[in-house]
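Asks:
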Ligand SMILES: [Zn+2]
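Numbering (our numbering), first residue to last: 7 to 80.
1) From this set, 52, 47, 43, 7, which residue's C-alpha is nearest residue 113's C-alpha?
2) Taking 7 Å as the line, does the beta carbon of residue 14 fall inside it for any heavy atom of ligand 3?
3) From the DSSP output, in three-state form, read off residue 48 for me.
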């Protein structure tokens, strides 16, 4: 690891920089935010789109049926 102030290499277990005395805690390990994302596999996405298209198709069919029935009844 390296000193954040002077950039000199420091020993891994040293708490302070031996050159400028800057505390080393802030540079020890980069804090990486691990954001847990719910990764949806592409298969289920495709499945979802298929389901949506099926629902849309059936809805369109239902609307057409209603419209046709309405014209027939008249
Ligand atoms: Zn330093």
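Ideal Cβ positions, reconstructed from N, Cα and C, are used throughout, including at glycine.
Replies: Short version:
1) Given a span of 7 to 80 for the chain in the structure shown, any question on residue 113 remains unanswerable.
2) Only ligand 1 can be found as ligands here, which leaves ligand 3 out of the picture.
3) Within the chain shown, numbered from 1, the residue matching residue 48 stands at position 42. It is helical.
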